[in-house]
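**Q** Quick one: the structure is below, and I'll ask about it shortly.
This is the structure in structure tokens:
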């Protein structure tokens, strides 16, 4: 039984295989439209995340399968005090595969031990969100044609942004990848990411507070939101907030082949005026997320096409 | 100070000085009804000072617990007054129900029946991480 709890569980070969399946789905969606007929996906969302849940549901419907589940814990047996283990074991009797979102870190791992069917982590608190990383990887692959020889800028809240941490881990396995980590002092990448991932693998990186100074070097700019509540004082927030807003003016210094990514939802960190720029990829990322979730469901259900 | 030799039993040697009482407690030695000697701050050529525990009975020891608490310990198993086996401990890959995860966002904070499991993430720096939330537990000592 295979599950996807943490992106690190997938080898480079696994990721390559998922990418190839996703590319084949994009090429010929009709070929895949009935392959999960009579299979059921349970979406167990103990906290609301409409975007991720709809992506999983759309993925399963496009494979010809069915979906059941709940979208918040109030409407589940968790509200009555049932354990994650028991919920997973029960739902495993009804569904062929489970996608679980939970506010507590590690809940999908607990579920995977008793469910009896594959469990996909659809986000566990601020911990892991592997299918977002799969969406990011397919986007990079489609935009750049490869994962090698890329300079990746990560900008915004790099301290609490789990998508950035997972992306750094996933991309650090490829050749000649460099990182430019752009954030306010308060929101720098945690030390363990630098020591355990970047330095352990000998990956070059620089840290900077300036987006303007670095944007011209990048192949990819991965934007995240700088949230007001992350700052110790209001004055620092007000001083810095506009530094990390991407505007058409800042993009003038960027390369023509830059790809701008964002895990969404966006608040104001990318100006709406950037949306029409051909370098904006964040809505493509949403679509790519659905294709990668389709590929993942097929892999975990061991459906061959 | 003279403490007699044991015929059948276990000698835990090279315990970090001052740690023997903690190990005594964690191994549940107070529940045994055999002779037990705890020697603290004994002179040691290798360590300067060390603790030693002599147990007058061969018991099952959880080497993972011992290795986590004090990986420098040597376990000598004595049978018929002779050294039958010597084990040098190392940090275990995984420890269960020894460390408690302190991350309030971890699933173990709300589901009390879950076992507390930690994996060795970095042997050199003796760093263990919760298998559920990856929070770091600092090695004691």
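Chains as they are written, first to last, in my numbering: chain W, 1 to 305; chain C, 1 to 141. Virtual Cβ for every residue (Gly too), placed ideally from N, Cα, C. What you are looking at is a predicted structure, and each value in this text was computed from that prediction instead of being measured.
Is the region 246 to 256 of chain W close to the region 100 to 108 of chain W, with three or more CB pairs under 8 Å?
**A** The answer is no - the region 100 to 108 of chain W does not touch the region 246 to 256 of chain W, with fewer than three Cβ pairs under 8 Å.
**Q** Note down, in chain order, all residues in the region 96 to 120 of chain W with a beta-carbon under 7 Å from any beta-carbon belonging to chain C.
**A** From the region 96 to 120 of chain W, only 104, 105, 106, 107, 109, 110 have a Cβ closer than 7 Å to chain C.
**Q** To which residues of the same chain is residue 216 (chain W) closer than 8 Å at the C-beta, ignoring the five residues directly before and after it?
**A** Same-chain partners within the cutoff: 253, 254, 255.
**Q** Taking only runs of the alpha helix (DSSP H) that begin and end inside the region 27 to 82 of chain C, which ones reach a length of at least 4 residues, in chain order?
**A** Those alpha helix (DSSP H) runs which fall completely within the region 27 to 82 of chain C and span 4+ residues are 63 to 69.
**Q** Since residue 51 (chain C) contacts residue 42 (chain C) with CB under 8 Å, what's their CB separation in whole angstroms?
**A** With 8 Å as the limit, residue 51 (chain C) and residue 42 (chain C) qualify as a contact, their Cβ atoms being about 7 Å apart.
**Q** If you draw a straight line from the alpha carbon of residue 63 (chain W) to that of residue 130 (chain W), how long is it in whole angstroms?
**A** Approximately 20 Å between the Cα atoms of the pair.
**Q** Assign residue 157 (chain W) to one of two classes, buried (16 or more other C-beta atoms within 10 Å of its C-beta) or exposed (fewer than that).
**A** Looking at its Cβ environment, which holds 16 or more other Cβ atoms inside 10 Å, residue 157 (chain W) is buried.
**Q** Would you call residue 53 (chain W) buried or exposed, if buried means 16 or more other Cβ atoms sit within 10 Å of its Cβ?
**A** Buried.
**Q** Is the region 3 to 15 of chain W in contact with the region 258 to 269 of chain W, if contact means three or more CB pairs nearer than 8 Å?
**A** These segments do not touch.
**Q** Taking the alpha helix (DSSP H) that residue 84 (chain W) belongs to, which residues open and close that run?
**A** It spans 84 to 91 - the alpha helix (DSSP H) in which residue 84 (chain W) sits, taken as one unbroken run.
**Q** Within the chosen definition, does the region 153 to 170 of chain W reach the region 192 to 206 of chain W through at least 3 CB pairs nearer than 8 Å?
**A** In short, these stretches touch, since the Cβ pair count reaches three.
**Q** Hey, is residue 105 (chain C)'s beta-carbon within less than 9 Å of any beta-carbon in chain W?
**A** Yes, residue 105 (chain C) counts as interfacial toward chain W.
**Q** Name the residue from C:14, C:45, C:61 whose alpha carbon lies nearest to the alpha carbon of residue 27 (chain C).
**A** Taking only the C-alpha atoms, the option nearest residue 27 (chain C) is C:61.
**Q** Do residue 19 (chain C) and residue 69 (chain C) have their beta-carbon atoms positioned less than 9 Å apart in this structure?
**A** Taking 9 Å as the Cβ cut-off, residue 69 (chain C) and residue 19 (chain C) qualify as a contacting pair.
**Q** Can you tell me whether residue 35 (chain W) is buried or exposed, with buried defined as 16 or more other CB within 10 angstroms of its CB?
**A** That one is buried.
**Q** Tell me the rounded alpha-carbon separation between residue 82 (chain W) and residue 15 (chain W).
**A** Whole-angstrom Cα-Cα distance: 35 Å.
**Q** Do you know offhand how far residue 314 (chain W)'s Cα is from residue 149 (chain W)'s?
**A** The structure shown does not extend to residue 314 (chain W), since chain W is modelled only from 1 to 305, so the question has no answer here.
**Q** Would you kindly work out how many angstroms separate the C-alpha atoms of residue 81 (chain C) and residue 6 (chain C), rounded to a whole number?
**A** Taking the straight line from one Cα to the other gives about 6 Å.
**Q** Please name the residues in the region 121 to 144 of chain W whose beta-carbon is closer than 9 Å to at least one beta-carbon of chain C, in chain order.
**A** Listed in sequence order: 124, 125, 126, 127, 128.
**Q** Since residue 40 (chain W) and residue 18 (chain W) should fall inside the 8 Å C-beta cutoff, what is the C-beta to C-beta distance between them, to a whole number of angstroms?
**A** Their Cβ separation, rounded to whole angstroms, is 21 Å, which puts residue 40 (chain W) and residue 18 (chain W) out of contact at 8 Å.
**Q** Ordered along the chain, which non-local residues of its own chain (more than five positions away) have a Cβ less than 8 Å from that of residue 300 (chain W)?
**A** Closer than 8 Å at Cβ, skipping near neighbours: 2, 3, 4, 97, 118, 120.
**Q** In the DSSP assignment, find the beta strand (DSSP E) that holds residue 45 (chain W) and state where it starts and stops.
**A** Residue 45 (chain W) -> beta strand (DSSP E) spans 40 to 45.
**Q** Taking all protein chains shown into account, decide if residue 272 (chain W) is buried (16 or more other Cβ within 10 angstroms of its Cβ) or exposed.
**A** Residue 272 (chain W) should be labelled exposed.
**Q** Can at least three beta-carbon pairs, one atom from the region 83 to 103 of chain C and one from the region 120 to 136 of chain C, be found at a separation below 8 Å?
**A** Yes, since at least three Cβ pairs between the region 83 to 103 of chain C and the region 120 to 136 of chain C fall closer than 8 Å, the two stretches touch.
**Q** Are there 16 or more other CB atoms within 10 angstroms of the CB of residue 206 (chain W), so buried, or fewer, so exposed?
**A** Residue 206 (chain W) should be labelled exposed.
**Q** Looking at C-alpha atoms only, which residue of W:55, W:263, W:187, W:208 is the closest neighbour of residue 227 (chain W)?
**A** With distances taken between Cα atoms, residue 227 (chain W) lies closest to W:187.
**Q** Would you say residue 317 (chain W) reaches chain C, if we count a Cβ-Cβ gap shorter than 9 Å as a contact?
**A** Look at the range of chain W in this structure, 1 to 305, and you will see that residue 317 (chain W) is not part of it.
**Q** For residue 34 (chain C), would you say it is in contact with chain W, using Cβ-to-Cβ distances shorter than 9 Å as the test?
**A** No, its Cβ sits nowhere closer than 9 Å to a Cβ of chain W.
**Q** Got a sec? Which residues, its chain only, sit under 8 Å from residue 114 (chain W) by beta carbon, not counting five neighbours each side?
**A** Cβ neighbours of residue 114 (chain W) beyond the five flanking positions: 85, 86, 88, 89, 92.
**Q** Per DSSP, which residues does residue 178 (chain W) bridge with? Please list them.
**A** BP columns for residue 178 (chain W) point to W:151.
**Q** If you drop the 5 nearest sequence neighbours on each side, which residues of the same chain put their C-beta closer than 7 Å to that of residue 9 (chain C)?
**A** Excluding positions up to five away in sequence, the list reads 54, 55, 56, 57, 58, 78.
**Q** Can you tell me which of the three DSSP states residue 202 (chain W) falls into?
**A** Three-state result, residue 202 (chain W): coil.
**Q** Quick one, are the C-beta atoms of residue 163 (chain W) and residue 244 (chain W) less than 9 Å apart?
**A** The answer is no: Cβ separation not under 9 Å.
**Q** Between residue 106 (chain W) and residue 127 (chain C), is the Cβ-Cβ spacing less than 9 Å?
**A** No, the pair does not count as a contact, with Cβ atoms beyond the cut-off.
**Q** Look at residue 122 (chain C) and residue 98 (chain C) and say whether their C-beta atoms are less than 9 Å apart.
**A** No; because the gap between Cβ atoms is not below 9 Å, this pair is not in contact.
**Q** Taking residue 23 (chain W) as the reference, give the member of W:45, W:143, W:241, W:261 with the closest Cα.
**A** With distances taken between Cα atoms, residue 23 (chain W) lies closest to W:143.
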